[in-house]
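Chemist: One structure, pasted below without further comment.
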Amino acid sequence: FGFMSKKKIIIILATILTFLSVYFLSTKGYFRGASDLLTDMQNGVDEGGLIGNFEDGSEHPLSIEYLRKGSYPGSDIVIEETLSSGSNYKRYLASYQSEGLKIYGLLTIPDEETPEGGFPAIIFNHGYIPPGQYKTTERYVAYIDGFADSGYVVFKPDYRGHGESEGEPEGAYGSNAYTIDVLNAVSSIKKYPGVNAEKIGMWGHSMGGFITLRNMVISKDIKVGVIWAGVVGSYPEMISNWRRTNATPPPETTTARRRWRDELQVAYGSPEENPAFWNSISATNYLADISGPLSIHHGTLDSSVPLLFSTTLKELMDKAGKESEIFIYEGDDHNLSKNFTSAMRRSLEYFDKYLK
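The structure is reproduced here in structure tokens:
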């Protein structure tokens, strides 16, 4: 550099540093949103340009508007294995397609004559279970038994990366993967012989409640929803109230599962700095378009998900002029174990009211 002026050297170095900075940020995914969202670009949506609008997030993969533009055809449901029967229903390990992945699930069919028009069906969205421990036929047995015994086809999808399902377990909050798996499950169950495609309900617990609410503001196919102890706060509420609550944070918010909080704020700013983006990805901002009435259940001693999420959702449903109900169970936990019978009875009555 002996023959070059100091000014030219500075300009050259500055140019090199700028190039390296842009390259580094691009490869880390900061110009494309959170890095764990980069594979969520299928279902007929154009991948061109930046992933996400830095101003309002309207084209971000997590945004409700983005998801509404997608195509979720599902597939024919394939019976993979016949399982032991229940008291009044048959059980099967079944599979369907979601974004080119083979997704498994537990399918239960009432062991009775198919009613005129077909059976009503419930898509059953389970809460967080460590993917490595998840087994299709374990957990939620009493819940599914109650619905199936009452004349409902029940389909409990194993989200990607769970059980035998293909793909990676990407989590529900920083990725739209599980939401898409359930949207495809809805399309698949509508095609199943003996199911009334116009009578599809959805039940969700905890993380499954989050997925249920998102599905109900994306798809018009879900006629009624029931949510127990749901993660149904807005994204700003999930960042602030979930962190500050005295409750023990649920397992999915630890280590890698909390990464979405930091990555989204790095890319888009905090909720205070960029409310438009955070509103665009929060289902609670789209309740005017919710596909059906909602029954909300929560215990006052829930140590995993704040009761505030459910009470706020009820207030927002009322404000939007949408039909809903809420049951608060004094002294009960995340699974409503002390009031299981009454909560199940109320849930069945709600499904019966709108699906039968």
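Numbers in our numbering are just positions in the sequence shown, counted from 1, shifted up by 256. Even glycine gets a Cβ: it sits at the ideal position worked out from N, Cα and C. Since we're looking at a predicted model, the values are computed, not measured.
1. Give me the residue from 544, 350, 481 and 430 with the minimum Cα distance to residue 317.
2. Which residue marks the beginning of the alpha helix (DSSP H) containing residue 605, and which one marks its end?
3. Out of 359, 378 and 368, state which residue places its alpha-carbon closest to the alpha-carbon of residue 607.
4. Just reading off the beta strand (DSSP E) that residue 556 is part of, what are its end residues?
5. At which residues does the alpha helix (DSSP H) containing residue 535 begin and terminate?
6. Give me, in chain order, the residues of the same chain whose beta-carbon lies closer than 7 Å to that of residue 546; leave out the 5 immediate sequence neighbours on both sides.
7. If we count the other Cβ atoms within 10 Å of its Cβ and call it buried at 16 or more, is residue 587 buried or exposed?
8. For a minimum of 3 consecutive residues, which ranges assigned as the beta strand (DSSP E) are wholly contained in the stretch 377-442?
9. Taking the C-alpha atoms as reference points, what is the distance between residue 399 and residue 535?
10. Measure the alpha-carbon distance for residue 338 versus residue 392 and round it to whole angstroms.
11. Looking only at its own chain, which residues have a Cβ that is under 8 Å from the Cβ of residue 435, when we skip the five neighbours before and after it?
12. In the DSSP assignment, the alpha helix (DSSP H) including residue 570 goes from what residue to what residue?
13. Using the beta-carbon count (16 or more within 10 Å), is residue 449 buried or exposed?
14. Taking the alpha carbon of residue 432 as the reference point, which residue from 405, 455, 452 and 464 has its own alpha carbon closest?
15. Report the rounded CA-to-CA distance for residue 383 versus residue 410, giving the unit in angstroms.
16. In or out: residue 437 buried (at least 16 other Cβ within 10 Å) or exposed?
17. According to DSSP, simplified to helix, strand and coil, what is residue 338?
18. Taking only the alpha-carbon atoms, compute the straight-line gap between residue 230 and residue 348 and give it to the nearest angstrom.
19. First and last residue of the alpha helix (DSSP H) that includes residue 364?
20. Sorted by chain position, which residues of the same chain lie with C-beta nearer than 6 Å to residue 599's C-beta, five sequence neighbours on each side aside?
21. If we ignore side chains and look at the alpha-carbon of each, how far apart do residue 367 and residue 403 end up?
22. From residue 405 to residue 344, what does the alpha carbon distance come to, in whole angstroms?
23. Would you kindly check if the distance between the Cβ of residue 363 and the Cβ of residue 385 is under 8 Å?
24. In whole angstroms, what separates the C-alpha of residue 425 from that of residue 415?
25. Does the beta-carbon distance from residue 482 to residue 374 come in below 8 Å?
26. Nearest CA to the CA of residue 352: which residue from 335, 342, 341 and 340?
27. My output table needs one value for residue 475: the three-state DSSP class, helix, strand or coil.
Modeler: In terms of the structure at hand:
1. The count along the sequence shown starts at 1 and reaches residue 317 at position 61. The shortest C-alpha separation from residue 317 is found at 430.
2. Working through the sequence shown from its first residue, we reach residue 605 at position 349. Its alpha helix (DSSP H) spans residues 596-611.
3. Here the question's residue 607 lines up with position 351 in the sequence shown. Nearest C-alpha to residue 607: 378.
4. Start at 1 with the first residue of the sequence shown, and residue 556 comes out as number 300. Run containing residue 556: none; DSSP gives neither H nor E here.
5. Residue mapping note: residue 535 aligns to position 279 of the sequence shown, counting from 1. First-last of the alpha helix (DSSP H) with residue 535: 531-536.
6. As a working mapping, residue 546 is identified with position 290 in the sequence shown. Same-chain partners within the cutoff: 472, 473 and 578.
7. Mapped onto the sequence shown, residue 587 falls at position 331. With fewer than 16 Cβ atoms within 10 Å of its Cβ, residue 587 is classed as exposed.
8. 409-413
9. Taking the first residue of the sequence shown as 1, we reach residue 399 at position 143. Taking the first residue of the sequence shown as 1, we reach residue 535 at position 279. When rounded, the distance between both Cα atoms is 33 Å.
10. On the sequence shown, residue 338 is found 82 positions in, with the first residue counted as 1. On the sequence shown, residue 392 is found 136 positions in, with the first residue counted as 1. Those two C-alpha atoms are separated by around 13 Å.
11. Position 179 of the sequence shown holds residue 435. Taken in chain order, the residues that qualify are 323, 428, 467, 470, 471 and 474.
12. Working through the sequence shown from its first residue, we reach residue 570 at position 314. It spans 563-575 - the alpha helix (DSSP H) in which residue 570 sits, taken as one unbroken run.
13. If you number the sequence shown from 1, residue 449 lands on position 193. Answer is exposed; the Cβ neighbour count stays below 16.
14. Locating residue 432 in the sequence shown gives position 176, where the first residue counts as 1. Among 405, 455, 452 and 464, the Cα nearest to that of residue 432 belongs to 464.
15. Your numbering for residue 383 matches position 127 in the sequence shown. Your numbering for residue 410 matches position 154 in the sequence shown. Taking the straight line joining both Cα atoms gives about 16 Å.
16. Here residue 437 refers to the residue found at position 181 of the sequence shown. By the neighbour-count rule (16 or more Cβ atoms within 10 Å), residue 437 is buried.
17. Residue 338 sits at position 82 when you count from the first residue of the sequence shown. Reduced to three states, the DSSP call for residue 338 is strand.
18. Beyond the ends of the chain as shown, which are 257 and 612, falls residue 230; an answer cannot be given.
19. As a working note, residue 364 is residue 108 in the sequence shown. From DSSP, residue 364 is part of no alpha helix (DSSP H) but of the beta strand (DSSP E) over 357-366.
20. Start at 1 with the first residue of the sequence shown, and residue 599 comes out as number 343. If we look at residue 599 and ignore the five residues flanking it on each side, its Cβ neighbours are 553 and 592.
21. In the sequence shown, the residue the question calls residue 367 occupies position 111. In the sequence shown, the residue the question calls residue 403 occupies position 147. Near 13 Å, if we compare the C-alpha coordinates of residue 403 and residue 367.
22. Taking the first residue of the sequence shown as 1, we reach residue 405 at position 149. Taking the first residue of the sequence shown as 1, we reach residue 344 at position 88. Using only the alpha carbons, I get a separation of about 6 Å.
23. Locating residue 385 in the sequence shown gives position 129, where the first residue counts as 1. Locating residue 363 in the sequence shown gives position 107, where the first residue counts as 1. Cβ atoms of residue 385 and residue 363: not closer than 8 Å.
24. Taking the first residue of the sequence shown as position 1, residue 425 is located at position 169. Taking the first residue of the sequence shown as position 1, residue 415 is located at position 159. Distance between the alpha carbons of residue 425 and residue 415 is about 7 Å.
25. As a position in the sequence shown, residue 482 is number 226, starting the count at 1. As a position in the sequence shown, residue 374 is number 118, starting the count at 1. Contact flag unset, no.
26. Within the sequence shown, residue 352 is the residue found at index 96, counting from 1. Comparing Cα-Cα distances from residue 352 to each of 335, 342, 341 and 340, the minimum goes to 335.
27. The residue labelled residue 475 in the question sits at position 219 within the sequence shown. Here residue 475 sits in coil by DSSP.
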